[in-house]
Amino acid sequence: MKRGNVVLVLYHDSLVSCINLATIRQDRVDRVIGSLPDSLMRHIDRCLMAAPGL
Numbered sequence: 030m031k032r033g034n035v036v037l038v039l040y041h042d043s044l045v046s047c048i049n050l051a052t053i054r055q056d057r058v059d060r061v062i063g064s065l066p067d068s069l070m071r072h073i074d075r076c077l078m079a080a081p082g083l
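Residue numbers for the sequence shown follow the working numbering, so the first one is 30 and each next one is one higher.
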């Protein structure tokens with residue numbers, strides 16, 4: 030999938046929400062469903078830092 034000049038490599042429709050945060054142990058992750066470019070991950074990192082208490 031391509032959005033503008035950014036190629037998104039996601040194999041399923043996906044959503045990132047920085048509102049309700051939860052953590053899980055890495056061994057609970059069964060498989061990777063795709064990847065995002067560094068520029069989009071930096072944007073997600075900024076959103077996560079804006080979450081209360083972080």
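No residue lacks a Cβ here, since even glycine has one placed at the ideal position from N, Cα and C.
Return yes when the Cβ of V38 is within less than 8 Å of the Cβ of S68, no when it is not.
Not a contact, by the Cβ cut-off of 8 Å.
Out of curiosity, what's the CA-to-CA distance linking S46 and M78?
When rounded, the separation of the alpha-carbon atoms in S46 and M78 is 13 Å.
Who are the near neighbours of C76 in its chain, counting only those whose CB is closer than 6 Å to its CB and skipping five residues on each side?
Taken in chain order, the residues that qualify are C47.
For S43 versus I62, is the C-beta distance shorter than 8 Å?
Cβ distance < 8 Å, so S43 and I62 count as in contact.
Along the chain, where does the alpha helix (DSSP H) containing I73 start, and where does it finish?
Start and end: 67-78.
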